[in-house]
Amino acid sequence: MEKRKRNGGLIDEISAIPGGEGIRLCIQCGTCTASCPNAERMEHTPSQLIAMARAGMRQEVLSSNAMWHCLFCYLCTVRCPRGIKQTELMHALESLAVRRGLATGRSRTPLMYRSFNDFVYSLGSLPEFGFMTWFYLLSNPLRAVRMAPVAMGMIRHGRLSVKARRLKPEAANQLRAILDKADAIGGGA
Amino acid sequence: MRYYSYFPGCSSSEGGAKAYGQSALAVAKVLDTELIEIEDWNCCGSTPYSSEDELASLCLSARNLALAEKRGFDLVTPCSACYVNLKRTNTYLKQYPEMRAKVDDCLAAGKLVYHGTVKVRHLLDVFANDIGYEATKAKVTKPLNGLKVAAYYGCQIVRPTPGFDHPEFPESLDKLIVSLGGEAVPFPLKSRCCGGSLIISEEGLALNLMKKLFDSAASNGAECLATVCPLCQFNLDAYESRVNKKLKANFNLPVLFFTQLMGVAFGLSEPDLGLKSCIVPTEKVLAKVR
């Protein structure tokens, strides 16, 4: 009884997120896994992840690196014979993992996304140079050094602007008000 | 004259794909098309925002859509990630009334309203389907002379929702290249992923995917690749030498924005084309055109 309750919990949570509702429809045919360009690099394949979620393996699912290796290429989504939005399901699992503090340390992607979002929240746009530099410094300063050849190529070809695009103050305040309201309402994930 | 609202996205406005935005505007002008930039648009949030906070992600796009709605034209973007996010927001607002109510509340906090009427388009869709191949061909002054191009679509321009082209074997860019006088070589991996933003967090994984793409293009005789997305272009162009070095390959394929190829065929010159921003040099393959 206890187990069923726990299972229901995770499935219900996932189903409540837009895009996550399809999880109950899966027939475990494996089309998503066969289509996924990164399945072999995931600790659990997309179809395994669904099976595990339905078995209530909360901890294992939410701390998996699988969704963080999703490229959002939507190949699984267009091929799923049950019409499950598998890619959106990955988004749902990611946001749930973040909310529960389980976003895995075995992938650098959660930190990369976090850095990206911080810039977008504060500026309303994404300064690529600042974002990439910040992320490399946070994740591993040595990597920042190793990125120098790529960065130099970009600079030489005039493709790295240090200056960030700024919204006019009224627009920036408007955006901030909208995002802060979203934060206050919550339930977005 | 045709009019559209224009959403360049961060990369094509003042970011690494500035040349994409510049060439897009220049080429559109030749085709009697005006792309009117939305004032003070904000970042679409791309993949990262929807991975962390769905509501905030929808709000980012909804603000842009609300701004575009005031003008009434279709909203065009040259970026596949912006395209997928803006379109996704439209779909979600229709599909999930609960989410819609929340987004409306958030927009209201910024004194904005969105009625859900803006049609989101990718720039390739506009050129291929509104303007058309014949009208494009009519503007060609320097045909591409049979230049062998691998038309690379990537993912988010054709998936997930049924759009203007086939989700796995699209053809519109191939046809556009032919109308410019180029040859679109067979390219089986034309709609496979380049690694997207994971190039930043999981480089090895993305390099492997790119190698497959280069292999597919090169083995079919391509002399260059044409892309429809700032991130695809950045990945393939900036990391081609790294693919060569780390995966023991020897590719030498320039990676151009499709609007740059159009500009070349229309006889445009610098700074409109922005060819100097390509990291893998383009001079050699374009020599046969000029």
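Residue numbers (the numbering used here), protein chains in the order written: chain H, 1206 to 1394; chain P, 52 to 341.
We put the beta carbon where it would ideally sit given N, CA and C, even for glycine.
Practice task
Compile a chain-ordered list of the residues in the segment 261-289 of chain P whose CB is closer than 7 Å to at least one CB of chain H.
Solution key: Those residues of the segment 261-289 of chain P that come within reach of chain H (Cβ to Cβ, closer than 7 Å) are Ala289.
Handout entry: chain P residues whose Cβ lies nearer than 8 Å to that of tryptophan 1251 of chain H
Key = Contrary to the premise, residue 1251 of chain H reads as proline rather than tryptophan in this sequence. Residues of chain P passing the Cβ test: none, with the nearest at roughly 14 Å.
Handout entry: One or two residues paired with glutamate 222 of chain P in a DSSP bridge
Key = Its beta-bridge partners do not exist; DSSP assigns none.
Practice task
Measuring only between beta-carbons, confirm whether alanine 1260 of chain H sits less than 8 Å from chain P.
Solution key: Chain P, which has no Cβ nearer than 8 Å to the Cβ of alanine 1260 of chain H, makes this no.
Problem - tryptophan 1273 of chain H vs glutamate 1299 of chain H beta-carbon contact at 8 Å - result: Their beta carbons are under 8 Å apart, which means tryptophan 1273 of chain H touches glutamate 1299 of chain H by this criterion.
Practice task
Give the range of the alpha helix (DSSP H) segment to which threonine 1314 of chain H is assigned.
Solution key: Here the alpha helix (DSSP H) through threonine 1314 of chain H covers 1314-1328.
Practice task
Indicate whether at least one CB of chain H lies closer than 8 Å to the CB of cysteine 130 of chain P.
Solution key: No, its Cβ sits nowhere closer than 8 Å to a Cβ of chain H.
Handout entry: Whole-angstrom distance between serine 248 of chain P and lysine 1208 of chain H, CA atom to CA atom
Key = Note on lysine 1208 of chain H: pLDDT 48, under 50, position unreliable in the model; the coordinate value appears next. Here the alpha carbons of serine 248 of chain P and lysine 1208 of chain H stand approximately 38 Å from one another.
Problem - Meets three-Cβ-pair contact criterion under 8 Å: the segment 1314-1321 of chain H and the segment 95-106 of chain P - result: Touching, yes, given that three or more Cβ pairs across the two stretches are closer than 8 Å.
Problem - Near-chain H residues of the segment 225-259 of chain P (beta-carbon distance less than 8 Å), N- to C-terminal order - result: Taking 8 Å as the Cβ-Cβ cut-off against chain H, the residues of the segment 225-259 of chain P that qualify are Arg243, Cys244, Gly246, Gly247, Ser248, Leu249, Ile251, Ser252, Glu253, Leu256.
Handout entry: histidine 1362 of chain H - DSSP class collapsed to helix/strand/coil
Key = In the displayed model, histidine 1362 of chain H falls within coil according to three-state DSSP, outside both helix and strand.
Exercise for the section: Indicate whether at least one CB of chain P lies closer than 8 Å to the CB of glutamine 1379 of chain H. Expected result: At least one chain P Cβ lies under 8 Å of glutamine 1379 of chain H.
Practice task
Under 9 Å between beta-carbons, which chain P residues line up against threonine 1292 of chain H? List them in chain order, please.
Solution key: In chain order: Arg210, Pro211.
Practice task
Please list the partners that asparagine 351 of chain P has in chain H, where partner means a Cβ-to-Cβ separation under 7 Å.
Solution key: Within the shown structure, residues of chain P are numbered from 52 to 341, placing residue 351 of chain P beyond reach of any answer.
Handout entry: Contained beta strand (DSSP E) runs [length at least 3] in the segment 265-292 of chain P, N- to C-terminal order
Key = Runs of the beta strand (DSSP E) lying entirely within the segment 265-292 of chain P and spanning at least 3 residues, in chain order: 275-278.
Handout entry: Cβ-based contacts, 7 Å cut-off: residues of the segment 1345-1361 of chain H near chain P
Key = Residues passing the 7 Å Cβ filter: Val1355, Gly1358, Met1359.
Practice task
List the residues of chain H whose Cβ lies closer than 7 Å to the Cβ of tyrosine 143 of chain P, in chain order.
Solution key: Those are Pro1223, listed as they occur along chain H.
Handout entry: DSSP bridge partner residues for arginine 1246 of chain H (one or two, in chain order)
Key = Residue pairing by DSSP places arginine 1246 of chain H in no beta bridge whatsoever.
Problem - DSSP three-state assignment for valine 200 of chain P, whether helix, strand or coil - result: Judged by DSSP in its simplified three-state form, valine 200 of chain P adopts strand.
Problem - Local conformation of valine 343 of chain P per DSSP, three classes - result: Here chain P comprises residues numbered 52 to 341, so residue 343 of chain P is not present and cannot be evaluated.
Problem - Counterpart residues of phenylalanine 308 of chain P in DSSP-defined beta bridges - result: Its beta-bridge partners are P:Thr278.
Practice task
Provide the residue span of the alpha helix (DSSP H) that contains serine 108 of chain P, from first to last.
Solution key: Here the alpha helix (DSSP H) through serine 108 of chain P covers 105-120.
Exercise for the section: Would you kindly work out how many angstroms separate the C-alpha atoms of isoleucine 87 of chain P and glutamine 311 of chain P, rounded to a whole number? Expected result: Near 20 Å, if we compare the C-alpha coordinates of glutamine 311 of chain P and isoleucine 87 of chain P.
Exercise for the section: Would you mind reading off the limits of the alpha helix (DSSP H) that contains tyrosine 184 of chain P? Expected result: Where tyrosine 184 of chain P is concerned, the enclosing alpha helix (DSSP H) stretches over 184-189.
Practice task
Assign threonine 84 of chain P to one of two classes, buried (16 or more other C-beta atoms within 10 Å of its C-beta) or exposed (fewer than that).
Solution key: The residue is buried, with at least 16 neighbouring Cβ atoms inside 10 Å.
Problem - Closer than 8 Å to chain P by CB, cysteine 1234 of chain H - result: Chain P, which has no Cβ nearer than 8 Å to the Cβ of cysteine 1234 of chain H, makes this no.
Problem - glycine 1393 of chain H versus lysine 297 of chain P - alpha carbon distance - result: Here the model assigns glycine 1393 of chain H a pLDDT of 47, short of 50, so the residue's position is not dependable and the matter cannot be decided.
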